[in-house]
Amino acid sequence: MLINIDELLAGEERELEFKENIEIPKVYSKFTSVPVVVKGKISKVGDDFRFEGNVSADLHLVCDSCLTEFSKTIDFPVFGIFKRETDDEEDYIISDNVIDLSSMVLTELLLNFPMRNICREDCKGLCIKCGHNLNISDCGCDRTVRNPEFEKLRSLFDQEV
Ligand SMILES: [Zn+2]
Ligand SMILES: [Zn+2]
Numbered sequence: 001m002l003i004n005i006d007e008l009l010a011g012e013e014r015e016l017e018f019k020e021n022i023e024i025p026k027v028y029s030k031f032t033s034v035p036v037v038v039k040g041k042i043s044k045v046g047d048d049f050r051f052e053g054n055v056s057a058d059l060h061l062v063c064d065s066c067l068t069e070f071s072k073t074i075d076f077p078v079f080g081i082f083k084r085e086t087d088d089e090e091d092y093i094i095s096d097n098v099i100d101l102s103s104m105v106l107t108e109l110l111l112n113f114p115m116r117n118i119c120r121e122d123c124k125g126l127c128i129k130c131g132h133n134l135n136i137s138d139c140g141c142d143r144t145v146r147n148p149e150f151e152k153l154r155s156l157f158d159q160e161v
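Quick note, the sequence shown lines up with residues 1 to 161 if you use my numbering.
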């Protein structure tokens with residue numbers, strides 16, 4: 001995601017589009033290579049450059065509930081100021097007249113990464129007894145969770161009858 005800014009004049013705006021794979025840390029997903037489409041425009045503001053655009057990322061995820069793999073696309077806006085020199089941690093650095101958008105895109109991707117991954121809203125998850133995927137079919141296990149205190153009461157009633 002490199003932009004050569006040699007020929008970008010003040011006040012000029014350039015439309016850009018990149019399709020690339022971004023590597024994310026394993027803690028986010030076991031699928032570490034994420035295809036992204038970055039669209040936006042770069043412009044020169046004084047001695048600095050600003051990029052404003054949108055990222056669309058095709059995530060490959062594992063459902064937290066039923067452990068099935070599924071895909072999900074997330075979209076989010078990106079914005080960054082690129083400077084030749086800066087002390088501000090919010091800004092990005094330009095090296096050799098080339099702007100590299102990838103660290104900005106990676107930072108924003110991780111910030112927008114879903115905290116909880118569910119394959120579908122009504123995912124039934126796995127059977128707590130046998131581990132069967134309940135979205136496929138019911139395994140027939142008795143999954144009623146009984147409260148032990150309640151069981152004591154019930155046995156008292158049973159004795160009386
Ligand atoms: Zn699921
Ligand atoms: Zn079961």
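Idealized CB from N, CA, C, for every residue including glycine.
Short of 8 Å from the beta carbon of residue 66, and not among the five residues preceding or following it, lie these beta carbons of its own chain, in chain order: 119, 123, 124, 125, 126, 133, 134 and 135. At a cut-off of 6 Å, the beta-carbon of residue 66 counts as near ligand 1: some heavy atom of the ligand is closer than that.
At least one heavy atom of ligand 1 lies closer than 6 Å to the C-beta of residue 63. Under the DSSP assignment, residue 55 falls in the beta strand (DSSP E) whose first and last residues are 48–62. Checking the DSSP bridge columns, you'll see residue 40 partnered with 16 and 53. Where residue 105 is concerned, the enclosing alpha helix (DSSP H) starts and stops at 102–111.
Per DSSP, the unbroken beta strand (DSSP E) holding residue 70 starts and ends at 69–83. Under the DSSP assignment, residue 2 falls in the beta strand (DSSP E) whose first and last residues are 2–4. Taking every residue with its beta carbon within less than 5 Å of a heavy atom belonging to ligand 2 gives, in chain order, 127, 129, 130, 132, 139 and 141. Look at residue 148 here: in three-state DSSP terms it is helix. Judged by their CB atoms, residue 98 and residue 4 are nearer to each other than the 7 Å cut-off.
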